[in-house]
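Novice: Letter by letter, the sequence shown follows residues 206 to 586 in this note's numbering.
Just so you know, even glycine gets a beta-carbon here, dropped at the ideal spot from N, CA and C.
Okay, here's the structure, questions in a sec.
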Amino acid sequence: RYVRGTASASSTCSSKAQEEDDEADEERLSHPLAVESVKAILARPRTVLAAVFLLFCVSAYGALELEGMKGPPMYIRENTDFKADFPASGREHDMLVIWCRRGCADPAAARAAEQKAEVAAGRRLAALQEEGGDCADLRWSSGTSPRAGVRPSSYEHNGVRIVEVSASSRACIDDVREALTGAAAEAAAGGGNATMALAGLESVAQASMDREGQDAWGHMAICVPFVAAVLMFILGSLIRPLTAIACMAATFAGVRSILVIAKLAVDALNINEDDQAMFFIAFALNSDYALFFWSRFAEERAKRPGPNQYLESLEAAFLRSGAVISISNLVMAFAFCGTLFIPGINQPGQLAFLIECTAGVLLAGLFSLTLTPALAAAFPS
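Here's what the structure looks like:
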């Protein structure tokens, strides 16, 4: 019994000594500035939360502004020939296709419905031309008003009618797209047998990007609850994984605001890119950082289970996890930053995406090191 008791006491003392040595090592390795920063955040958590919320509101406004600044893809440009060999020659262009969608068994009725839709589109184009401005030199041709030397049958192919549009400015083509989109919606709402859609290469690319965005949001709707459930299982809490989602939302809004600032600073920056992958990068990083922080907190809390040791445990976990998160975050940020200098990536929109990635990595680290511990300090329960 004496031997066992001595061994047990020796083991307990060794364990406590090891913990004290670990704490001393952490204290020596922690930079004084890091220690003071951690104490400042944990001492005023509600102030930190208010500052983060204000930053999120400003960022959300910037994110909405970004959508208004975007236009059609810039990398599909001039010298594109359509069915009727429409001469591009440096002018902006698009194409409208009209086809029968119901009641098409009777060829005569189908042609009449398509012609009616074509006339409606022509009225919209004529109204734009009469307004002048950017569309003063707007030109279009179709089967009912073909260009000189082009047969009307050239504007029909496999039951589809084609209306080709050309203008000297991109602003006019944007107005044309808006007007023809309205004509298509009007035709659909009126219950007509014909429908229409913009089918120029840029319009098709834009539609593809829009669909990609919808699919990405659908995948995110599956991914977020699944990862949150995994984090809940690992951390043993229903609330803690939600900090990763909050950080992800703040990161995404901040990233888009930074892209707005970059666009205002460099007008030539092509921001018409697919940035859906940024959603998943932000979510992956914030989930990883949240898992790291809360797992360290669980370890520290097990060492200090007392009711008055909560903030002490939180501070120790913050110091341990914060150092690793910061180093990991800076390494990834520098890696993305290096890609910004690859030549020729602005035209296809990749430069804007890499700017988002660089900013997203940094913001994920920033919010994980401020929002998550501030929430933990402000709401201990």
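Kindly list the residues whose CB is nearer than 6 Å to the CB of Ala315, restricted to its own chain and excluding five residues on each side of it in sequence; keep chain order.
Specialist: Excluding residues within five positions, the ones whose Cβ falls inside 6 Å are Cys305 and Cys309.
Novice: On the DSSP bridge list, what partners appear for Cys305?
Specialist: DSSP lists Ala399 as partners of Cys305.
Novice: Per the DSSP calculation, Asp299 is bridged to which residue(s)?
Specialist: Partner(s): Val370.
Novice: Report the three-state DSSP secondary structure of Asp478 (helix, strand or coil).
Specialist: One detail in the question is off: residue 478 reads as Glu in this sequence, not Asp. In the structure shown, Glu478 sits in coil (DSSP, three-state: anything other than H, G, I, E or B).
Novice: Determine which residues share a DSSP beta bridge with Arg344 and list them.
Specialist: Per DSSP, Ser371.
Novice: Among the residues of its own chain, which have a CB less than 8 Å from the CB of Ile530, if the five just before and after it don't count?
Specialist: Tyr494, Phe497, Phe498, Gly570, Ser573 and Leu574.
Novice: Should the segment 522-540 be called in touch with the segment 500-511, which here means at least 3 C-beta pairs below 8 Å?
Specialist: Touching, per the Cβ criterion.
Novice: Can you give me the Cβ contacts of Ala353 inside the same chain, cut-off strictly under 7 Å, excluding the 5 residues immediately before and after it?
Specialist: Excluding sequence neighbours, Ala353 sits near nothing in its chain.
Novice: Return helix, strand or coil for Val566, following the three-state DSSP convention.
Specialist: Of the three classes helix, strand and coil, the one that applies to Val566 here is helix, per DSSP.
Novice: Measure the Cβ-Cβ separation of Glu323 and Ile378 and say whether it is below 9 Å.
Specialist: No, the Cβ-Cβ distance between Glu323 and Ile378 is not below 9 Å.
Novice: To which residues of the same chain is Met414 closer than 6 Å at the C-beta, ignoring the five residues directly before and after it?
Specialist: Excluding residues within five positions, the ones whose Cβ falls inside 6 Å are Asp479.
Novice: For Pro351 and Glu361, I'd like the C-alpha separation in whole angstroms.
Specialist: Looking at the two C-alpha atoms, the distance is approximately 11 Å.
Novice: With which residues is His362 paired in a DSSP beta bridge?
Specialist: His362 pairs with Val365.
Novice: Buried or exposed: which applies to Ile486, given that a residue is buried once 16 or more other Cβ atoms fall within 10 Å of its Cβ?
Specialist: Classification of Ile486: buried, given that the 10 Å Cβ count is 16 or more.
Novice: Let me check understanding here. Comparing Cα to Cα, which of Arg382, Asn477 and Phe258 lies closest to Glu561?
Specialist: Cα-wise, what sits closest to Glu561 is Asn477.
Novice: In three-state DSSP terms, what is Thr575?
Specialist: Note: Thr575 maps to coil in three-state DSSP.
Novice: Compute the Euclidean distance between the alpha carbons of Pro357 and Gly348, then round it to the nearest angstrom.
Specialist: Distance between the alpha carbons of Pro357 and Gly348 is about 4 Å.
Novice: Does the separation of the CB atoms of Leu446 and Leu519 fall below 9 Å?
Specialist: The sequence as given places Pro at residue 446; Leu does not occur at that position. Cβ distance not < 9 Å, so Pro446 and Leu519 don't count as in contact.
Novice: Near Ala656, what residues of its chain come up, given a Cβ to Cβ distance below 6 Å and the 5 sequence neighbours on each side ignored?
Specialist: Residue 656 is absent from the structure shown; the chain starts at 206 and stops at 586.
Novice: Taking only the alpha-carbon atoms, compute the straight-line gap between Ala433 and Ala557 and give it to the nearest angstrom.
Specialist: Approximately 29 Å, taken between the alpha carbons.
Novice: Whole angstroms is fine: what's the gap from Val368's alpha carbon to Glu336's?
Specialist: Going from the Cα of Val368 to the Cα of Glu336 covers about 20 Å.
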